[in-house]
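Quick note, the sequences are listed as chains A and B, same order. Residue numbering for the first sequence follows this note's numbering, beginning at 56 and increasing consecutively. Residue numbering for the second sequence follows this note's numbering, beginning at 56 and increasing consecutively. Everything on this sheet refers to the single structure shown next.
Number of protein chains: 2
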Amino acid sequence: MSGSPVRFQARSSIEQVEEGNDLAPRFDDRGLITVVTTDADSGELLMQGFMNTEALQLTISTGEAHYYSRSRQVLWHKGATSGLVQTVRELLVDDDQDCIWLQVDVAGGASCHVGYRSCFYRKVPVGADFKSRQKGGHVELEWTETEKVFDPEDVYGDAPNPTIL
Amino acid sequence: MSGSPVRFQARSSIEQVEEGNDLAPRFDDRGLITVVTTDADSGELLMQGFMNTEALQLTISTGEAHYYSRSRQVLWHKGATSGLVQTVRELLVDDDQDCIWLQVDVAGGASCHVGYRSCFYRKVPVGADFKSRQKGGHVELEWTETEKVFDPEDVYGDAPNPTIL
């Protein structure tokens, strides 16, 4: 990384945070901010993650998505292991500046460690659909993607699975 | 609400959670799950919020988005005050089932308490764009929406602003 590091403004008022031009993100008591990542072309939701201060600074300065891995407790340059780097086309911040929206181009076309294009490959029936399908309050998930883009074992080998039970 | 309440499965294995048909959501140590809400037609990210168990059950059973308000610490039927109800067209869950994606139709066309269509109405320059614009590491946010859909004072009156500094 070259040049000035990214600096954030202190949060001084609701007016400044919601209606001003200052970048004054709010990190929670774990030091993290929520990140929502969508495909810049299709608009599809790819993943939801977290950044710490350093990850947000690096994402802004390099234009490549960096996250904080809660399971591994490390700064995580997305794609460093898998090659599935996310190049940021747009980075937006929400009204109270406690959430970041990344619109990205994904090398390799996949974002999910399980091997799918998106992490969101199963849906839950809702409303009338729930009522007609539920058995004792339980419903089955429906799959929206059926073919994996890559084989996780080829890409990650023996690396521990990040899912926490 | 009528009929059986929505029931979730216990989380027993990574295989079950990632590759199974069971709805087995993971609520964090605050009892919350992250929610990402997009416009079902445009795909635009509208807001990011949280649900507790009850909010997720009610969203599934009624087909209308319910959240948990961290600032007010109450179950929150979105639109109960503002009229901007979100009707859920699709509800998806991610690989490790710690995030919910709602695709919604929004009554009134706005989702943000500040009055904009989306909560994400400002962007941050990244990469080369950041480097050319930054002054001492600071950059100004750029606005992507300039006209409010509604006047928050008309809709919320004297209700306290949910933004936490």
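Quick reminder that beta carbons are idealized off the backbone N, C-alpha and C, glycines included.
{"Check": "Determine whether the Cβ of A:Asp149 lies closer than 8 angstroms to any Cβ atom of chain B.", "Outcome": "yes"}
{"Check": "Should B:Ala120 and B:Asp160 be called a contact, given that it needs their Cβ atoms to be closer than 8 angstroms?", "Outcome": "no"}
{"Check": "If you check the beta carbons only, do B:Asp149 and B:Val72 fall under 8 angstroms apart?", "Outcome": "no"}
{"Check": "Secondary structure at B:Gly192, three-state DSSP: helix, strand or coil?", "Outcome": "coil"}
{"Check": "Is it buried or exposed for B:Ala65, if we count other Cβ within 10 angstroms and need 16 for buried?", "Outcome": "exposed"}
{"Check": "With 16 as the cutoff for other CB atoms within 10 Å, does A:Gln128 come out buried or exposed?", "Outcome": "exposed"}
{"Check": "I'd like to confirm the pairing. Which residues does DSSP put opposite B:Glu197 in its beta bridges?", "Outcome": "B:Lys178"}
{"Check": "Which class does A:Met56 belong to by DSSP, given the choice of helix, strand or coil?", "Outcome": "In this prediction, A:Met56 scores a pLDDT of 46, lower than 50, which makes its location untrustworthy; no coordinate-derived value is stated."}
{"Check": "Less than 8 angstroms between CB atoms is the rule here; does A:Lys203 satisfy it with respect to chain B?", "Outcome": "no"}
{"Check": "Give me the chain B residues within the contact set of A:His193, using Cβ-Cβ distance strictly less than 9 angstroms, ordered along the chain.", "Outcome": "Ser59, Val61, Arg62, Phe63, Gln64, Asp77, Leu78"}
{"Check": "Which class does A:Gly104 belong to by DSSP, given the choice of helix, strand or coil?", "Outcome": "strand"}
{"Check": "Please confirm if A:Arg177 has its CB atom under 8 angstroms from at least one CB of chain B.", "Outcome": "yes"}
{"Check": "Nearest by alpha-carbon distance to B:Gly170: which of B:Leu87, B:Asp84, B:Pro207 is it?", "Outcome": "B:Pro207"}
{"Check": "Below 9 angstroms on C-beta distance, what does B:Ile88 contact in chain A?", "Outcome": "Correct list: empty, because the minimum Cβ distance to chain A is about 10 angstroms."}
{"Check": "Taking the alpha carbon of A:Ala165 as the point to measure from, which residue in A:Val91, A:Gly134, A:Arg62 has its own alpha carbon closest?", "Outcome": "A:Gly134"}
{"Check": "Looking only at its own chain, which residues have a Cβ that is under 7 angstroms from the Cβ of B:Lys203, when we skip the five neighbours before and after it?", "Outcome": "Gly170, Tyr171"}
{"Check": "Check the Cβ-Cβ distances between A:Val143 and every residue of chain B, and say whether any is below 8 angstroms.", "Outcome": "yes"}
{"Check": "Answer with yes or no whether the minimum CB distance from B:Gln128 to chain A is below 8 angstroms.", "Outcome": "no"}
{"Check": "For chain B, is any of its Cβ atoms less than 8 angstroms away from the one on A:Gly164?", "Outcome": "no"}
{"Check": "So if I threshold CB-CB distances at 7 angstroms, which residues from the stretch 151-162 of chain B count as touching chain C?", "Outcome": "Of the protein chains in this structure, namely A and B, none is chain C."}
{"Check": "Could you check if A:Leu147 is buried or exposed, using at least 16 other CB atoms within 10 Å of its CB as the buried criterion?", "Outcome": "buried"}
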